[in-house]
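Enquirer:
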Amino acid sequence: MLSDTKDTGGSTVEKNSQVKAHYDALLGRTYTWMMGGASTNFEENRKFFDLHGLRPPTVDAKALDLGCGSGFQAIPLLELGYAVTAIDMSADLLQELKGHKEALARKVSGQSPLPSLTLIEGDILRLSALLPSDALASVDLASTAQVQSLVKNAVSFLKPGGTLILHFRDLTRHLEGTDRFLPCRTDENNIFTCVLEYEEAQETCLDGRDKEDRFVLINDLLYTRPDASAPWTFKKSQYKKLEVSPEKVLKMMQDAGMDTSFHPLAFGVVAVMGRKKP
Ligand SMILES: C[S@@+](CC[C@H](N)C(=O)[O-])C[C@H]1O[C@@H](n2cnc3c(N)ncnc32)[C@H](O)[C@@H]1O
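Just so you know, we're using the UniProt record's numbering here: the sequence shown kicks off at 1 and counts up by one.
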């Protein structure tokens, strides 16, 4: 998530990928529930932004939310007064975000109007098509080098004083044995479990990956039923995530000219935050 960006322009691009297939098959429709619900997550992000002094510096300030999901950050940013461009490849999650925005607009109607929310269904790995040509060219988060490219390019189109916040799970601290089986969330009609498999580093560089890059195979397993009288259905889907340590990302931000800070959040998720030096 980037705040106070230069004008981004905008068009829609789509890229089929393992991640998109995973969200389309399983996670898109369960993500918000699995994470504990929208209200709880809106509140967490309101508190985070407040604690770290994120405020629109001007009345027309812009924020870009990359991989916005159902809007855990986009909605609090709108409430703060940012015009938000929110990008995700999951149509289900964007649809949900649209609903949250409409609910917020109803809640504040009669008060000052909400800033704009632009939704883009597309692949942030191809942001060069969405942004000015000198911004975020050829970004691909499938390798550490490409995370570095994202950070560098993001910093280049942030305004001085602008903020870059990256949220991710620190997968570099490996779980062992049965601790790799994570009971994510359960209610009377859904049981969501995640199983992590750690891959060995590749002997040779594949698809531009770095030799040192390691990946975790995330297996999401869901038992679900519409109600207590119906039979259970079992759904499963998997995708790979790059292991990258918060220390590495902080160093990348510092090298790109940012003042940084590190914030551990719940369940192994971390936020690394950088402010572009004026
Ligand atoms: C872990 S979720 C985080 C969502 C939200 N930012 C939050 O904190 O709840 C990751 C999101 O990134 C999206 N995503 C992953 N890779 C993407 C890509 N290459 N382009 C666009 N969206 C992507 C997924 O669809 C998903 O909604």
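Every residue gets a Cβ at the ideal spot worked out from N, C-alpha and C, and that includes glycine. Remember, it's a predicted structure, so these values are computed and weren't measured experimentally.
How many Å lie between E197 and T30 at the Cα?
Expert: Answer to the nearest angstrom: the Cα atoms are 21 angstroms apart.
Enquirer: Is S90 near ligand 1, in the sense that its beta carbon is under 7 angstroms from a heavy atom of that ligand?
Expert: At least one heavy atom of ligand 1 is nearer than 7 angstroms to the Cβ of S90, so yes.
Enquirer: For the stretch 213 to 269, list the beta strand (DSSP E) runs that are entirely contained and at least 3 residues long, ordered along the chain.
Expert: Counting whole runs of 3 or more residues, the stretch 213 to 269 contains the beta strand (DSSP E) stretches 215 to 224, 233 to 242 and 258 to 264.
Enquirer: Confirm, please, whether the CB-CB distance from V195 to F215 is below 8 angstroms.
Expert: Their beta carbons are not under 8 angstroms apart, which means F215 does not touch V195 by this criterion.
Enquirer: Once you ignore the five residues that flank C68 on each side, which residues in its own chain have a CB closer than 6 angstroms to its CB?
Expert: A74, A86 and D88, listed in sequence order.
Enquirer: Let me check understanding here. Comparing Cα to Cα, which of G36, M252, L150 and L64 lies closest to L119?
Expert: The option with the nearest alpha carbon to L119 is L64.
Enquirer: Is the beta carbon of S245 less than 8 angstroms from the beta carbon of L26?
Expert: Taking 8 angstroms as the Cβ cut-off, S245 and L26 do not qualify as a contacting pair.
Enquirer: Using only the alpha-carbon positions, how far apart do W33 and P226 sit?
Expert: Using only the alpha carbons, I get a separation of about 15 angstroms.
Enquirer: Name the DSSP beta bridge partners of R185, please?
Expert: R185 pairs with F192.
Enquirer: What I want to know is whether the C-beta of V108 ends up closer than 7 angstroms to one or more non-hydrogen atoms of ligand 1.
Expert: No, since every heavy atom of ligand 1 falls outside the 7 angstroms radius drawn around the Cβ of V108.
Enquirer: Could you give the residue range of the beta strand (DSSP E) that holds F168?
Expert: Segment L158 to R169, the beta strand (DSSP E) holding F168.
Enquirer: Determine the extent of the alpha helix (DSSP H) in which T40 is found, giving its start and end residues.
Expert: Run containing T40: A38 to L51, per the alpha helix (DSSP H) assignment.
Enquirer: Let's see if you can read the secondary structure: which residues bound the alpha helix (DSSP H) around A74?
Expert: Here the alpha helix (DSSP H) through A74 covers A74 to L80.
Enquirer: Output the boundary residues of the alpha helix (DSSP H) element that contains residue 318.
Expert: Only positions 1 to 278 of the chain appear in this structure, which leaves residue 318 out of reach.
Enquirer: Could you pull out every residue in the same chain whose Cβ sits closer than 8 angstroms to the Cβ of D24, ignoring the five residues on either side in sequence?
Expert: So the list reads S90, A91 and D92, once near-sequence residues are dropped.
Enquirer: For R101, which residues in the same chain have their Cβ closer than 6 angstroms to its Cβ, ignoring the five residues on either side in sequence?
Expert: The identity of residue 101 in the sequence shown is Lys, whereas the question assumes Arg. The residues are L117.
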